[in-house]
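Residue numbers (mature numbering (1 follows the signal peptide of the UniProt record, and there is no 0)): -25 to -1, 1 to 477.
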Amino acid sequence: MLHLSFRAAALLLFCLVFRQFSVSAEGNQHPGKERGSSPGRYDPTWESLDKRPNPTWFDEAKFGIFLHWGVFSVPALVNEWFWEAWKGGNKEAVDFMEKNFPPDYTYQDFGRDFHASFFDPYAWTKIFEEAGAKYIVLTSKHHEGYTMWPSKYSFSWNAMDVGPGRDLVGELAAAVRNSSKLHFGLYHSMFEWFHPLYLEDKANGYHTRHFPEAKALPELYEIVNAYRPDVIWSDGEWEASSDYWNSTGFISWLYNDSPVKDTVVTNDRWGNDTRCKHGGFLTCEDSFDPGQLIPKKWENCLTVDSHSWGYRRNMDIADIRSAQELIRALARAVSCGGNLLLNVGPTADGKIAAVFQERLRQIGSWLDVNGEAIYSTRPWIYQNDTVNSDVWYSCSKDNSTVYAIYLRASGANITLGAPTFSKQTSVQVFGSDKFLKWTTDVKGHIVVKLPPRHELPDPAAWSVVLQLTNLKNKPTENPFKITAGTRPEVASLWRNEKFAKN
Ligand SMILES: *[C@@H]1O[C@H](CO)[C@@H](O)[C@H](O)[C@H]1NC(C)=O
Ligand SMILES: *[C@@H]1O[C@H](CO)[C@@H](O)[C@H](O)[C@H]1NC(C)=O
Ligand SMILES: *[C@@H]1O[C@H](CO)[C@@H](O)[C@H](O)[C@H]1NC(C)=O
Ligand SMILES: *[C@@H]1O[C@H](CO)[C@@H](O)[C@H](O)[C@H]1NC(C)=O
Ligand SMILES: *[C@@H]1O[C@H](CO)[C@@H](O)[C@H](O)[C@H]1NC(C)=O
Ligand SMILES: *[C@@H]1O[C@H](CO)[C@@H](O)[C@H](O)[C@H]1NC(C)=O
């Protein structure tokens, strides 16, 4: 008890949590107020919608699982853009179709072979929980237009009418809610490559809005009302403006009046004017990893198969990201105020490939030991160490403990430049009860002596996480200080040319 209250008294000095994060996580601003409308309501403008604080669960969750599943999982070749690749002359797709299918075979014909025979949503939920994830995001509809739920707006091109004959979205939502604490989220593509109404609007220079009125928007309202997702992960937005999609109209309903108004978070892909600028959290480009603190909540969506979001039957082990690489991405994201949304593509049979399961378990095992340094933490005043490029920091919510996530624990010591130790500083490594000894080297850096390998729960561990308490660091020492409320540098981190492909 005494130890705790000492910690509590000391804690204020030790952590500076970037102000914007406390505002976006717990703020109680009511943007409607200053605009003269009723308090707590949002206007259908980006200015108003951007002021909504994200529900706290999202920042605390840190780690989610992304699932790209659809008819594209049947050819399961090239990537989830198979239809577009085939029609666009991609050699691998064209050759595959010529060799294996009659000339009149259509992409829609693949729908019949989307059986999901082994789909067990409870088994999936168990896999996600064992991975240590706190939320999942399923593709409710990708650019192919096939809806994974029996949509009223996708006649004969949905999972009930063609293929499984099941409501895949509904079944997964029910299993997740029945058997876990995971938050359930949905991906939704605004555009569809080949939808006639979309192509008509496109031909009209987007001066007509037949497609969003008849398809994209009704679907969005339908999935929110039917499945109450806590994440709407929008995509396929980039060819037209957010006015064309009426994104602000939809999001204002989502935040003001929808059944998930208090729990839902949204991303930034709502029109060609929004990415990396507007919405609940920023995704900027796929695999976004800024490597520094940025002044708004963000998420790195990263795929385990480095070549595809959808399942590929011809993937090789060399294409699969290692557990180290994935945990590194998680640590970097958490240090810099982001989340990691890690993608696996289920098969058309409804299985999550064993190699993906293995990666998820590896992350889960790491989180079993080191999760305290991840979940519900805040960015510290330093994100990475000043002398040791393999150390990334986080800070406990109560400011009492700084976590040093060392991603290359090969030697017997760790040298650290960022923390300033005091006589009271204690150092422990997750997985061991012992307090570690430390000294100062000639340059004034801290050298922490690690326990012998055999004393760690996993002697083969390639990473260790230190818990540091009672540091002397003061908030003014923040080297990455960013003025709260500004976000000019975010857009400059975003390389415009890269995301068009994804
Ligand atoms: C942690 O530190 C930050 C920055 O000084 C402060 O805003 C926050 O209130 C502190 N949290 C607690 C629980 O003391
Ligand atoms: C699981 O979810 C379904 C669909 O929402 C529901 O009918 C069923 O009662 C739930 N089962 C349990 C054990 O909660
Ligand atoms: C965004 O889309 C609109 C059509 O809705 C188009 O007129 C405009 O030129 C696009 N802007 C950019 C920057 O591509
Ligand atoms: C956009 O959506 C809002 C909310 O549903 C609606 O009130 C508004 O009329 C829509 N705007 C257009 C141009 O359709
Ligand atoms: C910390 O990260 C920043 C941004 O990635 C980088 O510029 C800097 O070199 C890193 N510092 C160290 C010591 O690796
Ligand atoms: C670790 O540090 C201790 C003292 O701080 C030193 O004696 C020892 O040589 C170091 N070991 C390695 C492998 O650097």
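Here a beta-carbon is modelled for each residue, glycine too, at the ideal position from N, C-alpha and C. Quantities reported herein were computed from a predicted structural model and do not represent experimental measurements.
- Within the model, the alpha-carbon separation for PRO187 versus PHE93 is close to 34 Å.
- With 16 or more other Cβ atoms inside 10 Å of its own Cβ, GLU55 counts as buried.
- ASP218 and ALA191 have their alpha carbons spaced roughly 13 Å apart.
- Annotated three-state conformation of ILE40 is strand, per DSSP.
- Remark: the C-beta of TYR219 is in contact range of ligand 3, defined as less than 7 Å to any heavy atom.
- From the listed residues PHE169, LYS37 and ARG152, the smallest Cα separation to TYR97 is found for ARG152.
- Judged by the Cβ position, PRO354 fails to qualify as a neighbour of ligand 4 at the 7 Å threshold, every heavy atom of the ligand being at least this far.
- Distance from ALA384 to LEU335 at the Cβ level is roughly 22 Å; contact not present, criterion being Cβ atoms closer than 8 Å.
- Contact annotation: ALA348 and LEU443 have beta-carbon atoms that are not nearer than 8 Å.
- A contact is defined here as three or more CB-CB pairs under 8 Å, and the stretch 241 to 258 fails this definition with respect to the stretch 278 to 286.
- Annotation for SER401: the continuous beta strand (DSSP E) segment containing it runs 401 to 404.
- According to DSSP, residue pairing for GLU274 in a beta bridge involves ASN314.
- Comparing C-alpha distances from THR249 to each of SER209, ASP237 and LEU277 shows the shortest one belongs to SER209.
- Here the alpha carbons of ASP136 and LEU316 stand approximately 30 Å from one another.
- Residue TYR381 holds the alpha-carbon nearest to the alpha-carbon of TRP437 among THR415, ASP408, THR400 and TYR381.
- For TRP124 against ALA189, the beta-carbon gap comes to about 17 Å, at or over 8 Å, which does not count as contact.
- Around THR414, the same chain offers VAL422 as residues with beta carbons nearer than 6 Å, after the five sequence neighbours per side are excluded.
- Sorting ALA323, GLU194 and LYS156 by C-alpha distance to the C-alpha of ASP88 places ALA323 at the top.
- Distance from VAL417 to PRO394 at the Cβ level is roughly 18 Å; contact not present, criterion being Cβ atoms closer than 8 Å.
- Counting the other CB atoms within 10 Å of its CB gives TYR368 a total of 16 or more, which places it among the buried residues.
- The C-alpha of TYR82 lies about 27 Å from the C-alpha of TYR196.
- The shortest CA-to-CA distance from HIS158 to any of VAL235, ASP360 and LYS447 is the one to VAL235.
- Judged by DSSP secondary structure, GLY160 falls outside any alpha helix (DSSP H) and instead within the beta strand (DSSP E) spanning 158 to 164.
- When the Cα atoms are used, TYR230 and GLU167 turn out to be separated by approximately 26 Å.
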